[in-house]
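*Asks:*
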Amino acid sequence: MQPMTTPPDTFAATRPRLHAIAYRMLGTRADAEDVLQDAWLRWQQADQAALQSAEAWLVTVVTRLSIDRLRAAKAERADYIGCWLPEPLVEVEERTPETMAELASDLSVAFMWALERLTVDERAAFLLRQAFDRDYDEIATMLGKSEAACRQLVHRATERVRQGQRRFEVPRHTHRELLAKFMHAAQSGQTQAMEALLAADAEFVGDGGGKMPASSKVLLGGHRIANLYGVLPGKVEGGVDYRLAEVNGEPGLLRYFAGKLESAQAFVTDGERIVAIYVVRNPDKLQGIRQQLH
1 MQPMTTPPDT
11 FAATRPRLHA
21 IAYRMLGTRA
31 DAEDVLQDAW
41 LRWQQADQAA
51 LQSAEAWLVT
61 VVTRLSIDRL
71 RAAKAERADY
81 IGCWLPEPLV
91 EVEERTPETM
101 AELASDLSVA
111 FMWALERLTV
121 DERAAFLLRQ
131 AFDRDYDEIA
141 TMLGKSEAAC
151 RQLVHRATER
161 VRQGQRRFEV
171 PRHTHRELLA
181 KFMHAAQSGQ
191 TQAMEALLAA
201 DAEFVGDGGG
211 KMPASSKVLL
221 GGHRIANLYG
231 VLPGKVEGGV
241 DYRLAEVNGE
251 PGLLRYFAGK
261 LESAQAFVTD
271 GERIVAIYVV
281 RNPDKLQGIR
291 QQLH
């Protein structure tokens, strides 16, 4: 006879999915953890024996809590200095099977950047449908809207994400090899070599949060981006170093100034050239990585 699953086990078993929803909705680990803590407190107070599906109940609670928190965050981000990028999730070593399962649905920085263009309800409906494969009747219940309204939200969000995201199906080893070449060129300040690896219309998005220098707008052009990287080795006292890492489930770079973590960088490639770079310099968003690496 199988032992009964206790309520803590139910929450713990569902936690990875709940965290995935909250992080994709909010873009920071701290906010996602706060939502899960609130959900845990509500779970403790709920009549668990009366629930038809504990997982469905928990997903609904986390979704609604995330929506409320995102509405508040949207107002705060309106005053954010420069571009707002998600807090990067970094793995320095190759992913384990457990990590691969956790990152199964899309959470690349490019994808999260595209999600920022959506309204709160669009983002929730889109993620529940596209990332977590929820039926429209479930989404309607979670959002308190009709199924028709949810279908329209998902349709509108899908179109906006497609317009805002440059997406290519590139073999992982190709992505990593291209990035290794770029890292070598950047390490030694080889501007021409970097420009050859960048698409002519490449995009650069930097997030300094007003605490570190970063362009307030998207920087366009492979030549300009190559120059931006090329001057660093001669300007940074103590030297510039790069390290390959997994950034939100894809090959990326960690950059160090004088031995201290300065940024986490995500890259989009078409298989031949780098078409977009997302650089998080805001020290608040790097704190989790620093703690992880020590």
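Numbering-wise, this note's numbering puts 215 at position 215 of the sequence shown, and it's gapless, one number per residue.
Where a beta carbon is used, it is the ideal one built from N, C-alpha and C, also for glycine.
(1) Within a Cβ cutoff of 8 Å, which residues of the same chain sit near Tyr80, ignoring the five residues on either side of it in sequence?
(2) Which two residues bound the contiguous alpha helix (DSSP H) that contains Ile139?
(3) According to DSSP, simplified to helix, strand and coil, what is Gln165?
(4) From which residue to which residue does the alpha helix (DSSP H) around Ile289 run?
(5) Hey, how far is the Cα of Gly222 from the Cα of Ala140?
(6) Does the separation of the CB atoms of Lys285 and Leu85 fall below 9 Å?
(7) Enumerate in chain order the residues of its own chain whose CB-to-CB distance from Tyr278 is below 6 Å, with the five nearest sequence positions on each side excluded.
(8) Classify Tyr256 as helix, strand or coil using the three-state DSSP reduction.
(9) Is it right to say Arg134 is buried, meaning 16 or more other beta carbons lie within 10 angstroms of its own, or is it exposed?
(10) Which residue or residues does DSSP assign as beta-bridge partners of Arg243?
(11) In angstroms, rounded to a whole number, what distance separates the CA positions of Gly234 and His184?
(12) Should the stretch 25-35 be called in touch with the stretch 61-70, which here means at least 3 C-beta pairs below 8 Å?
(13) Over what stretch of residues does the alpha helix (DSSP H) that includes Ala73 continue unbroken?
(14) Could you work out which residue in Met212, His173, Ala157, Ile225 is closest to Gln190 when comparing CA atoms only?
(15) Determine the direct distance from the alpha carbon of Ile21 to that of Leu128, and round the result to whole angstroms.
(16) What does the alpha-carbon distance come out to for the pair Ala39 and Val61?
(17) Quick one: Cα of Glu98 to Cα of Gln45, how far?
(18) Helix, strand or coil for Gln295, going by three-state DSSP, please let me know.
(19) At the level of alpha carbons, what is the spacing between Leu220 and Leu115?
(20) Would you kindly work out how many angstroms separate the C-alpha atoms of Leu178 and Arg255, rounded to a whole number?
(21) In the DSSP assignment, find the alpha helix (DSSP H) that holds Val35 and state where it starts and stops.
*Replies:* This is what the structure gives:
(1) As a position in the sequence shown, residue 80 is number 80, starting the count at 1. These residues qualify, in order along the chain: Gly209, Gly210.
(2) Against the sequence shown, residue 139 aligns to sequence position 139. 136-143 is the span of the alpha helix (DSSP H), which, as asked, contains Ile139.
(3) On the sequence shown, residue 165 is found 165 positions in, with the first residue counted as 1. It is coil, neither helix nor strand.
(4) Locating residue 289 in the sequence shown gives position 289, counting from the first residue. Run containing Ile289: 283-293, per the alpha helix (DSSP H) assignment.
(5) Mapped onto the sequence shown, residue 222 falls at position 222. Mapped onto the sequence shown, residue 140 falls at position 140. Rounded to whole angstroms, Gly222 to Ala140 spans 44 Å at the Cα level.
(6) Sequence index remark: in the sequence shown, residue 285 carries index 285 (1-based). Sequence index remark: in the sequence shown, residue 85 carries index 85 (1-based). Yes; because the gap between Cβ atoms is below 9 Å, this pair is in contact.
(7) Mapped onto the sequence shown, residue 278 falls at position 278. Same-chain partners within the cutoff: Leu85, Val109, Val205, Ala266.
(8) The count along the sequence shown starts at 1 and reaches residue 256 at position 256. Here Tyr256 sits in strand by DSSP.
(9) In the sequence shown, residue 134 corresponds to position 134, counting from 1. Per the 10 Å Cβ criterion, buried.
(10) Translated into the one-based positions of the sequence shown, residue 243 becomes position 243. In the DSSP output, where bridge partners are listed per residue, Arg243 has Leu254.
(11) Residue numbering aside, residue 234 sits at position 234 when the sequence shown is read from its first letter. Residue numbering aside, residue 184 sits at position 184 when the sequence shown is read from its first letter. So the two alpha carbons sit approximately 15 Å from each other.
(12) yes
(13) Counted from its first residue, the sequence shown places residue 73 at position 73. That run of the alpha helix (DSSP H) goes 54-77.
(14) If you number the sequence shown from 1, residue 190 lands on position 190. Checked all of Met212, His173, Ala157, Ile225; the closest Cα to Gln190 is Ile225.
(15) Locating residue 128 in the sequence shown gives position 128, where the first residue counts as 1. Locating residue 21 in the sequence shown gives position 21, where the first residue counts as 1. Distance between the alpha carbons of Leu128 and Ile21 is about 8 Å.
(16) Start at 1 with the first residue of the sequence shown, and residue 39 comes out as number 39. Start at 1 with the first residue of the sequence shown, and residue 61 comes out as number 61. Roughly 6 Å separates the two Cα atoms.
(17) Position 98 of the sequence shown, counted from the start, is the residue given in the question as residue 98. Position 45 of the sequence shown, counted from the start, is the residue given in the question as residue 45. Reliability fails at Glu98, whose pLDDT of 44 lies under 50, so the model's placement of it is uncertain and the value that follows must be treated cautiously. Each residue's Cα considered, the two are about 31 Å apart.
(18) The first residue shown for the chain is 1 and the last is 294, placing residue 295 beyond what the model contains.
(19) The residue given as residue 220 occupies position 220 in the sequence shown. The residue given as residue 115 occupies position 115 in the sequence shown. Each residue's alpha carbon lies about 20 Å from the other.
(20) By 1-based counting over the sequence shown, the position of residue 178 is 178. By 1-based counting over the sequence shown, the position of residue 255 is 255. Taking the straight line from one Cα to the other gives about 17 Å.
(21) Numbered from 1 along the sequence shown, position 35 holds the residue referred to as residue 35. First-last of the alpha helix (DSSP H) with Val35: 29-45.
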